[in-house]
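Student: Below are the structure tokens for one structure; questions will follow.
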Amino acid sequence: MGSNMAEQHPVGFQWVVEAKERGAKVIHVDPRFTRTSAMADRHVPIRPGSDIAFLGGIINYIFEHDAWFKEYVQSYTNAPVLIREDFVDSEDNDGFFSGWDPDSRAYDIETWGYDETSTETAAGKREQQGDVSGEQAHGAHGMKLERGEPPHVDETMQHERCVLQITRRHFARYTPQLVAALCGCSEEEFLSVARALCENSGRERTSALVYAVGWTQHTVGVQNIRAGSIIQMLLGNMGRPGGGILALRGHANIQGSTDIPTLYNILPGYIPMPHPAAEGSLDRFIELNSPQTGAWGNLRNYAVSLLKAWWGDAATEENDYCFNHLPRINGDHSHYAMMLKMLDGGVQGMFCAGQNPTVGSANSKLMRLALAKLDWLVVRDLQMVETATFWKDSPEHESGETRAEDIQTEVFFLPAAAHTEKEGCFTNTQRVLQWREKACDPPGEARSELHWIYHLGRLVREKLAGSEDPKNRPILELTWDYPVEGRLQEPEAEAVLREIGGHGADGNPLPSYDDLKPDGSTRCGSWIHAGIYADGVNQAARRKPGSEQNWIAAEWGWAWPKNVRILYNRASADPQGKPWSERKRYVWWDEPEGKWTSSGDAPDFPVTKAPDYRPEKDAKALDAIRGDKAFIITPDGRSWMFAPTGLVDGPLPSHFEPHESHVHNPLHDQQRNPTRQQFSRPENLYDPAGPGQQVFPYALSTYRLTEHHTAGGMSRTLPYLAELQPEFFVEVSPALARERGLEHGDWATIITARAAVEARVMVTERVKPLRIQGRELHLVGAPYHWGGTGLATGDSANELLPIVLDNNVHINEYKVATCDIRPGRRPRGPARLELVDGYRARAGVKP
Amino acid sequence: MSGSAGGAPSRSAGDPAPRSATGASGAASYHGQQILKSPVWSWEIPTYFFVGGVAGASATLAYAAELRGSEQLGRRAWLTASGAIMVCPGLLISDLGRPARFVNMLRMFKVTSPMSVGSWILSVSGATTALAGVHALTGRLAPGAAVARPIAAVSGLALSTYTAALLADTAVPAWHEARQTLPFVFGAGAAASAAGAVTALTPVRSAAPARRLAIGAAGAELLATQLMESRLGMHAETFHRGRARTLRWTSRACLSAGATLLARAGARSRPA
Amino acid sequence: MKLAVEQWPASYGSEAKSRRGFFTDTSVCIGCKACEVACKEWNHVPAAPHGFTGKSYDNSLALGADRWRHVAFIEQRVAADVQDGGSLVQSAARAQAIDGGVATYQEGDGVRWLMSSDVCKHCTDAACLEVCPTGSLFRTEFGTVVVQEDICNGCGYCVSACPFGVIDRREDDGRAWKCTLCYDRLKDDQTPACAQACPTQSIQYGELDELRERAQRRVQKLRDAGQDKARLYLSDDSDGVGGAGAFFLLLDEPEVYGLPPDPVDTTRSLDSIWRSTAAGALALGLGIAAAVLGGRR
Ligand SMILES: Nc1nc2c(c(=O)[nH]1)N[C@H]1C(S)=C(S)[C@@H](COP(=O)(O)OP(=O)(O)OC[C@H]3O[C@@H](n4cnc5c(=O)[nH]c(N)nc54)[C@H](O)[C@@H]3O)O[C@H]1N2
Ligand SMILES: Nc1nc2c(c(=O)[nH]1)N[C@H]1C(S)=C(S)[C@@H](COP(=O)(O)OP(=O)(O)OC[C@H]3O[C@@H](n4cnc5c(=O)[nH]c(N)nc54)[C@H](O)[C@@H]3O)O[C@H]1N2
Ligand code: SF4
Ligand code: SF4
Ligand code: SF4
Ligand code: SF4
Ligand code: SF4
Ligand SMILES: [Mo]
């Protein structure tokens, strides 16, 4: 659901095919019938942006049919926990939870807390004030709890303020009728999915949800996933073999670049980037970000070890281990925030390494206009991509809006080494790191990222050498001593991996994060990766064939944390530690041995902690987690059906319409996610849309094709791939083709409030009009891979999309917008703008 | 030739185009595409079939004429034969994708490959006919020619008919299914054109046999073609489409015209 | 009248290897085209862009000199039709087109999308090879059919002889090209590039006998699961090409995939061809004799 796995993860999909051979049933919920649908037992088309309605419907179905897994829910989730009396649910308040502040358009999340607790320590709240938001709460640090115990728990789960009852009430209105009306599928289609899920869950069976950006790329992206996780908690599908929620990640190593982030607001291992509110002291930082109980209770160990890894001997107890060398973030510096700032002239220069925003980011024109405001731009890429050539070939030059000679940006292009030309590792969707050898040297001037960053740092340090200026100390005191090798002076990638894996005072690699110390005696570049170099061996490089080990294949690569292949796998046993069923036996308590054993995975639980273990008073960190709780990352060891902290738009998902939508939200007056980030300005205009709006009558959704990769730098430039999908096309139903006189194989022009682009027309039965609230809604499907350079060129779908974001993680709503489509090619020159202006006028679009 | 690529562009990514690849109406097809690859041979090959036929049949005609003692007819026929046969290799070579590798044709002798067999026939018939031709022109090389002539005469028959085997031994239905009759069509065709040519090049007085042959052969070809097409049934369809159709008609027209013309000429030339 | 030429494997004596081939199970093909690309990469086959064809997701159209693997895409409505009212799912359900595990292969909701990777069949009776006048096309020790690029003179005979329209002449270079079943890789005990790249094992490479058994089991499984149109194609020695080294499991009529329903090796009629040719020659001789020898001056 919300992923097109066969097309976007073809290699991973082989396992789906295998599971299917063994009798697994595959259901694909997707607006279009794709190559995944073709392999599925059933395809259910739904309207883009209606997933919470669909998933909420399933949650409601589970309650209605009493299909939830009682013992599991009772001890492994926070369903029995009582929530504060002053909490008000969005269902009773027109779509707003308690704590809404209209002026800051943000929530004070205090009232979402457990009864008699305060979210004072929770990241979420301050994030709101600091406008930093979501990722800071990635660790779900949560609140302070005595002994990891929520103050009030009703084991019967009858209390009206307990999470289970709140959740039940919250989704009570998500009936099959509502689902059908909002999603456009039939009630039978919906029910067949709900039934299948419930029938295939419980002690004996488990179901998995697989999603990707069909869920995330919405102004309710994070809540889509929350809705999915609530289902999995109710059905007892988490921490068990065959269960879980599989987030199919993006670029081959996008998971790795989140764990050791290329993100602006977290440090390695999801440690929040210090906030001004942390007031300059490590202690205060820890106090504010560590809930003290659960795995995050050891934040100090992780943070100090990280600081030691970075600043080495310069980091001492006296100077707070150089805590103040870390930058502070006081605001949203995510991709789009940065580009908008750039547009306003607030950014001087940019390093663009491995990104092609003029094609890959929404509102391509805005991206180009922003880049043109830079003094300098460095593009590191395999190919001369559109982002590197925007200054000379912007479509705006053709339409006469800009002129190449007026663009002052100085552009540097640095050729990059491809993954085959350097060693390193990829982290896949399952958190498994797999080491890659180098196949050959990069050609000509091309260099690896590691080479570039290392030598850039080296040169900067040489320039600053001897400087007394305190602002240079963070750079000068860095441990920047990686061995280099070969003609190219390539830094040794394994040396970096060793730093990440960490070592103790004796210099020996650490076995796991349990061994990290708060006293500066251990160094570790990323706590979740502690142990990847255990026994001095590069664990990620292990390649024991599947045929030589059991199905868990624990000796292939290495998974963080602690080589755990299924997170929270203690939940695969009942509270007493016995497997829920023989069939689903995975991790269990071995009474005689007095420890947790498993079918081959590492137990994600203190190995000798007995099921009947109860924390002492003022126990801390993992000691504060009971023996019958499995989700050790949260302060109470429970999985959060209701999220008191960590989210900026509510503790429970509610259906909100996409930012640009024709459909009336029957659930509340508040039609759209109130916390979504909008940037209404002349360069980023929105369609006021609304039910029955006729100027942009169709729903536009963008997506991928197997044959190309994202913005196309790696596929449109290669002859063998370019020929397979040579031209930008849109997929439309025969019905829409009739309605608009579109000819299969011919050209069409697609217009939104932002722009007009042209594409070839693919008329196909695989796209169907959906009946929404009795009205037919047509979908225009557009792959977004094309741009102006390379072998296969064409207009980019991102010219059409606006910037409008989910405020939890600042992801754009790439999956839904409103558009019109008409036969024929788009006008050239100024006429292109006039066409769009005409539409804007008629639709009443204004900044 | 096999049906050329399928009907109108399909209306949606789904519907297959109306006609199937093999030309069979109604049947399913892959987006209306044809299954077989169209032959890659260009104009040289049909021309070769014609010229080769003329050469082969003329040689036999020449030999027969000599046996009958019609010196003049024989000499003219030899000249026609050798003249024609000189052109053949050129035509074949220029049609190859890699002309320089023409010799590879004689790398082996494969009965499963009429083209291989034909290459040998052409070599033999070429050499002997040429020899006979030289003698006819200059009177030299008599002994050689004596040996060559019968060989040329026989290989001439093969030369003018193996080409039918060449076409028949393909997956192209219109050719393969015609394998029974095609050799007769080609044979008669060769005879007709050879005789026609020789008649034209021979003084009316001595041309009578050639004339007879021409007229007879023309009739025979028309018959054979008719028979072939009726036997082919639906596969003949392709002869009635596009270029094949026009070619077929012009050839038949010429044939009949030529024949009647000759008949008249013959009648007039008959001594009172 | 066929000459008794020594046939594979005898022709190789002790050098002969067990016959290798492909079982292409189209029921698990996800249309990723990895095979098409891997083939081109490994064999340096030139790109041959056609532009946007609108033929579903197929923009490479067919096998040819510059495409030795080709993935076909067929969009269909399944028998479970919507005429008799109700949603696609209802009607599909009526036809047991859903909820039946493998039974519902590619029949999600009334629309079905067949994908299939085509390749040279490496026929047991390979017309291309038999008509090749230069002997450029030959049978390898693995029983596969390969063009020797250093011998082919581009006569084009094989092109018209192949009943599957596989082999073709490359414009600029003049020679005929097709799948070699990765002869070079086989020699080093490597799997062919396309099979190696296939994520779902839709392309299975191996010893032909073993593959055929596997295929039998597979097609039976699909049939039992209600896929009554599932069939094996070219896995039978008694067909028109004596069975093929590369055979297929199809979910519909061969024509639907652009494959001939009953391909025949043209050289099977060789005897009759030569016989009638001889007769033709004879008739020609007699005709000439009659015309010349018979009749007055
Ligand atoms: N071949 C190939 N593989 C790739 C990539 C590539 O470009 N090419 N990109 C990689 C990257 S960066 C990523 S992030 C992943 C993305 O992997 P996917 O998420 O699978 O990629 P998409 O095609 O963008 O979106 C998946 C599906 O979501 C559907 N969809 C759209 N809107 C909605 C909705 O509201 N609800 C639901 N349920 N579905 C919806 C679309 O129709 C589409 O079929 O793929 C990775 N893998
Ligand atoms: N409309 C629409 N827009 C979308 C999406 C969508 O679904 N719809 N999806 C979004 C998603 S999920 C993503 S991830 C983005 C992707 O969008 P971008 O990241 O902007 O586009 P990519 O083409 O992935 O850019 C990666 C570039 O890195 C280069 N590259 C590859 N390897 C290396 C290397 O080792 N070093 C360096 N320096 N460069 C390298 C490639 O050549 C390529 O040009 O697009 C987003 N935009
Ligand atoms: S490109 Fe890489 S990550 Fe994507 S499917 Fe292929 S192997 Fe997997
Ligand atoms: S499929 Fe065609 S090219 Fe391949 S072996 Fe058979 S006849 Fe030859
Ligand atoms: S084209 Fe080449 S391979 Fe084909 S028949 Fe002629 S010589 Fe043989
Ligand atoms: S076997 Fe080799 S040559 Fe034949 S299709 Fe596969 S990759 Fe191409
Ligand atoms: S690689 Fe396999 S799955 Fe992909 S298209 Fe080829 S045969 Fe189908
Ligand atoms: Mo992505």
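Chains as they are written, first to last, in the working numbering: chain A, 38 to 884; chain B, -8 to 263; chain C, 16 to 312.
Don't be surprised by glycine CBs; every beta carbon is placed ideally from N, CA and C.
Quick check: the Cα distance between T292 of chain C and A155 of chain B, rounded to an integer number of angstroms?
Tutor: Taking the straight line joining both Cα atoms gives about 7 angstroms.
Student: Go ahead and label V307 of chain C buried or exposed: buried means 16 or more other beta carbons lie within 10 angstroms of its beta carbon, across all protein chains shown.
Tutor: The residue in question, V307 of chain C, is buried, as its Cβ has 16 or more Cβ neighbours within 10 Å.
Student: Please classify V794 of chain A: is it buried, with 16 or more other beta-carbons within 10 angstroms of its beta-carbon, or exposed?
Tutor: With 16 or more Cβ atoms within 10 Å of its Cβ, V794 of chain A is classed as buried.
Student: From which residue to which residue does the beta strand (DSSP E) around L807 of chain A run?
Tutor: Its beta strand (DSSP E) spans residues 807 to 809.
Student: Quick check: is the beta carbon of R127 of chain C nearer than 8 angstroms to any beta carbon in chain B?
Tutor: Output row for R127 of chain C: interface = no.
Student: Under 6 angstroms Cβ to Cβ from A212 of chain C, same chain only, skipping five residues before and after it: list those, please.
Tutor: Only A49, C50, A53 meet the Cβ criterion.
Student: Quick check on T229 of chain B: does DSSP put it in helix, strand or coil?
Tutor: The answer is helix: DSSP assigns T229 of chain B an H, G or I state.
Student: By DSSP's criteria, C462 of chain A is part of a beta bridge. Which residues make up the other side?
Tutor: Its beta-bridge partners are A:W472.
Student: If you measure between the beta carbons of L182 of chain A and Y339 of chain A, is that distance less than 8 angstroms?
Tutor: Going by C-beta atoms, L182 of chain A is not nearer than 8 angstroms to Y339 of chain A.
Student: 8 angstroms is my cut-off, CB to CB: does T457 of chain A come that close to chain C?
Tutor: No, T457 of chain A lies away from the interface with chain C (no Cβ there is under 8 angstroms from its Cβ).
Student: At least one CB of chain B closer than 8 angstroms to the CB of P275 of chain C: is that the case?
Tutor: So yes, P275 of chain C belongs to the interface.
Student: Can you name the residues of chain B whose CB is closer than 7 angstroms to the CB of M799 of chain A?
Tutor: Residues of chain B passing the Cβ test: A4.
Student: Keeping to the same chain, check which residues put their C-beta closer than 6 angstroms to that of T148 of chain A; ignore five residues upstream and five downstream.
Tutor: Answer for T148 of chain A: R121, D123, F124, S135, G136, listed in chain order.
Student: Can you round the beta-carbon distance between A56 of chain B and A185 of chain B to whole angstroms, since I take them to be within the 8 angstroms contact cut?
Tutor: That belief does not hold up - the Cβ atoms of A56 of chain B and A185 of chain B are roughly 12 angstroms apart, past 8 angstroms.
Student: By DSSP, does L297 of chain C sit in helix, in strand, or in coil?
Tutor: The answer is helix: DSSP assigns L297 of chain C an H, G or I state.
Student: Can you list, in chain order, the residues of its chain with a C-beta nearer than 7 angstroms to that of F175 of chain B? Leave out the 5 residues immediately preceding and following it.
Tutor: Answer for F175 of chain B: A215, listed in chain order.
Student: Is DSSP giving N849 of chain A helix, strand or coil here?
Tutor: Here N849 of chain A sits in strand by DSSP.
Student: List the residues of chain A that P207 of chain C touches, going by C-beta distances under 7 angstroms, in chain order.
Tutor: The premise fails here: P207 of chain C is roughly 17 angstroms from chain A at the closest Cβ pair, so nothing lies under 7 angstroms.
Student: Specify, as a first and last residue, the run of the alpha helix (DSSP H) that I36 of chain B falls within.
Tutor: Per DSSP, I36 of chain B belongs to the alpha helix (DSSP H) from 35 to 59.
Student: Under DSSP, the beta strand (DSSP E) around M387 of chain A begins and ends at which residues?
Tutor: That run of the beta strand (DSSP E) goes 386 to 390.
Student: Please report the distance separating the alpha-carbon of L253 of chain B from that of I206 of chain B.
Tutor: Each residue's alpha carbon lies about 7 angstroms from the other.
Student: Of all the options A:R797, A:P511, A:K62, A:K402, which has the alpha carbon lying nearest to the alpha carbon of N721 of chain A?
Tutor: It is A:K402.
Student: Consult DSSP for P582 of chain A and reduce its assignment to one of helix, strand or coil.
Tutor: Residue state, collapsed to three classes: coil.
Student: In three-state DSSP terms, what is N338 of chain A?
Tutor: Residue state, collapsed to three classes: helix.
Student: For the beta strand (DSSP E) containing E90 of chain C, list its first residue and its last residue.
Tutor: Counting along the chain, the beta strand (DSSP E) containing E90 of chain C begins and ends at 84 to 92.
Student: According to DSSP, is R495 of chain A part of a helix, a strand, or is it coil?
Tutor: Residue state, collapsed to three classes: helix.
Student: When you compare the CB of K70 of chain C with every CB in chain B, is at least one pair closer than 8 angstroms?
Tutor: Taking Cβ atoms only, chain B reaches closer than 8 angstroms to K70 of chain C, which makes this a yes.
Student: For P820 of chain A, which of helix, strand or coil comes out of DSSP?
Tutor: DSSP places P820 of chain A in strand when its eight states are reduced to three.
Student: Might you give, ordered along the chain, the residues of its own chain that have their beta carbon closer than 6 angstroms to the beta carbon of I45 of chain C, omitting 5 neighbours on each side?
Tutor: Counting only Cβ-Cβ distances below 6 angstroms, and skipping sequence neighbours, we find T215.
Student: Quick check: the Cα distance between S33 of chain B and C197 of chain C, rounded to an integer number of angstroms?
Tutor: Distance between the alpha carbons of S33 of chain B and C197 of chain C: 32 angstroms.
Student: Around the C-beta of F262 of chain C, are 16 or more other C-beta atoms found within 10 angstroms, so that it is buried, or is it exposed?
Tutor: Buried is the call here.
Student: Which residue or residues does DSSP assign as beta-bridge partners of M130 of chain C?
Tutor: M130 of chain C is bridged to C:F88.
Student: From A:Y144, A:E760, A:T71, A:E55, pick the residue whose C-alpha is nearest to that of V804 of chain A; which is it?
Tutor: Nearest option by C-alpha distance: A:T71.
Student: Using only the alpha-carbon positions, how far apart do G171 of chain A and K852 of chain A sit?
Tutor: The predicted position of G171 of chain A is uncertain, since its pLDDT is 44 and thus under 50; a value taken from the coordinates is nonetheless stated next. For G171 of chain A and K852 of chain A, the distance between alpha carbons rounds to 20 angstroms.
Student: Apply the 10 Å Cβ neighbour rule to H102 of chain A and answer buried if 16 or more other Cβ atoms are within range, or exposed otherwise.
Tutor: That one is exposed.
Student: Would you say P860 of chain A lies against chain B (beta-carbon separation less than 8 angstroms)?
Tutor: Output row for P860 of chain A: interface = no.
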